[in-house]
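Working notes for the structure below.
There are 2 protein chains.
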Amino acid sequence: MSVQSGPPAADQATPELEAYTLLRQVNSMMDTYNRFDLRSEDLTVPQFMILNYATADGVPLSEISARMLCDNSNLTGIVDRLISKGYVQRRPDPQDRRVSLICLTAAGAEKLRRIKPRHHARVSRRMRSLSEAQVHELRNLLQQLFAGLQEPVGEDDSPSA
Amino acid sequence: MSVQSGPPAADQATPELEAYTLLRQVNSMMDTYNRFDLRSEDLTVPQFMILNYATADGVPLSEISARMLCDNSNLTGIVDRLISKGYVQRRPDPQDRRVSLICLTAAGAEKLRRIKPRHHARVSRRMRSLSEAQVHELRNLLQQLFAGLQEPVGEDDSPSA
DNA sequence: GTAATTCCTTTCCAGATCGAACTATATCAC
DNA sequence: GTGATATAGTTCGATCTGGAAAGGAATTAC
């Protein structure tokens, strides 16, 4: 605003920044809705996610954290809470004693069976403002963006900074 | 992949769910990158966001929380930390004594001036995997989705649940 | 004016998150 | 085997987050 001469100040305005800002906002709103939905089930969003990744046979904690793109240390506490609610349990892996398998209990499976379809339906319903073709388009763009983000990112612009 | 006979289990598979899952993942990765970028500047992501919304003249805390789509109560602590770092300060609003204005200090403005352009450049660079047209397309889709999310959401599907 | 209501902010608590340090186990090098 | 390295999970401290409750202040109803 106070820069004279060239108009480089227009704060953000690049389509990339706008897209990213919107992505954050959409994510935030979806999260708020999900939190609200799951509240009546006495589950938090991360608790529900872990429940979705756990199986009766057991899944290593680090496999879950990898899929959730978070650190192992996050899950310790969340799993503790799920255990206290009776939805999962920890079992040592006989093959690798470092591993603790997260096992869905019968109660957990039942809970999941009851609320997962409804939750998915709600998520889909909230995207009704997009046509079927637009949903596909969005998914493809995000897929491409996600793939691009996995690469090490060759620094090139502003090499001096 | 391993599903035999009837595919009733296909777990998610709807384009909506896939799109939403990708949106979460992209957001998560972008956030990780941002956190890493700002770390060398001794700033967290939310601290940086507040810095971006604050002005020298002062902005009501609730205006910032509205823009950040978060609760007022979140910002109290973050602002406290920014104050202890000397980047903002609180000033009472003479017009409305309930309001506390968040004011960018000279040090805060200087910090922002130094890191904001670089940060924006990095965000843009991370979206290089999309063409210019695709970025526009993504922005438009997210804009439409965001607008749709603001509406009260007329419950229609699964009305009995 | 007073009372009721609404609004702005802070405080408190539970939960989640990251990052670093630590323990235990596994694997590799030799 | 021993030692170095890597991996799995936990613990801890700092930060962020939402939600509820409380305080002070503005606004409205009367």
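Quick mapping for you: the protein sequence lines, in order, are chains S and X. The opening residue of the first sequence carries number -6 in our numbering; numbering runs sequentially from there. The opening residue of the second sequence carries number -6 in our numbering; numbering runs sequentially from there. Backbone N, C-alpha and C define an ideal beta-carbon position, used for all residues, glycine too. This one's a predicted model, so the numbers in the text were calculated from it and none came from an experiment.
Could you check what DSSP says for residue i in three-state terms: helix, strand or coil?
i                : result
Q88 of chain X   : coil
S93 of chain S   : strand
R161 of chain X  : There is simply no residue 161 of chain X to check, as chain X begins at -6 and stops at 154 in what is shown.
T48 of chain S   : strand
S151 of chain X  : Bear in mind that the predicted position of S151 of chain X carries a pLDDT of just 42, short of 50, making it too unreliable to give a figure here.
A140 of chain S  : helix
S(-2) of chain X : Note that S(-2) of chain X scores 41 on pLDDT, short of 50, meaning its location in the model is unreliable and no value can be drawn from it.
A3 of chain X    : Reliability of the predicted coordinates at A3 of chain X is poor, the pLDDT of 49 falling under 50, and the value obtained from them is presented with this limitation in mind. The answer is coil: DSSP assigns A3 of chain X none of H, G, I, E or B.
Check whether the Cβ atoms of residue i and residue j sit closer than 8 Å, and answer yes or no.
i               : j               : result
V72 of chain S  : L10 of chain X  : no
V155 of chain S : C96 of chain S  : With chain S covering -6 to 154 only, the question about residue 155 of chain S has no answer from this structure.
L183 of chain X : Q40 of chain X  : In the structure as shown, chain X begins at -6 and stops at 154. Residue 183 of chain X is therefore absent and cannot be evaluated.
N65 of chain S  : S77 of chain S  : no
L31 of chain X  : T25 of chain X  : no
V19 of chain S  : L131 of chain X : no
L68 of chain X  : I43 of chain X  : yes
A12 of chain S  : V128 of chain X : yes
Give me the residue from the options with the minimum Cα distance to residue i.
i               : options                       : result
T48 of chain X  : X:A140, X:R84, X:R28          : X:R84
T98 of chain X  : X:F139, X:N45, X:E56          : X:N45
D89 of chain X  : X:T7, X:G141, X:L15, X:P53    : X:P53
A140 of chain S : X:Q137, X:P87, X:L123         : X:L123
E103 of chain S : S:L94, S:E34, S:A126          : S:E34
L138 of chain X : S:L142, S:A6, S:S21           : S:S21
R111 of chain S : S:N27, S:G79, S:T7            : S:N27
M120 of chain X : S:H129, S:L142, S:M120        : S:L142
V92 of chain X  : X:G70, X:Y13, X:I57, X:M61    : X:I57
P87 of chain X  : X:A114, X:A12, X:M61, X:D50   : X:D50
M61 of chain X  : S:T14, S:A126, S:N133, S:A100 : S:T14
L105 of chain S : S:R118, S:H129, S:G79         : S:G79
At a cut-off of 7 Å, is residue i close to the ligand PLP when judged by its beta-carbon and the heavy atoms of the ligand?
i              : result
T69 of chain S : Within the structure as shown, the ligand PLP is missing, as the structure has no ligands at all.
Return the residues of the stretch 14 to 32 of chain S that lie within a Cβ-Cβ distance of less than 7 Å from chain X, sorted by chain order. Residues passing the 7 Å Cβ filter: L15, L16, R17, Q18, V19, N20, S21, M22, M23.
Output, in sequence order along the chain, the residues in the stretch 37 to 69 of chain X whose CB is closer than 7 Å to any CB in chain S. Of all residues in the stretch 37 to 69 of chain X, L62 have a Cβ within less than 7 Å of some Cβ in chain S.
For the stretch 127 to 146 of chain X, which residues have a beta carbon sitting closer than 7 Å to at least one beta carbon of chain S? Shown in chain order are the members of the stretch 127 to 146 of chain X whose Cβ falls below 7 Å from a Cβ of chain S: Q127, V128, H129, E130, L131, R132, L134, L135, Q136, Q137, L138, F139, A140, G141, L142, V146.
Members of the stretch 94 to 109 of chain X near chain S, C-beta cut-off 7 Å: Going along the stretch 94 to 109 of chain X in chain order, one finds no residue with a Cβ nearer than 7 Å to chain S.
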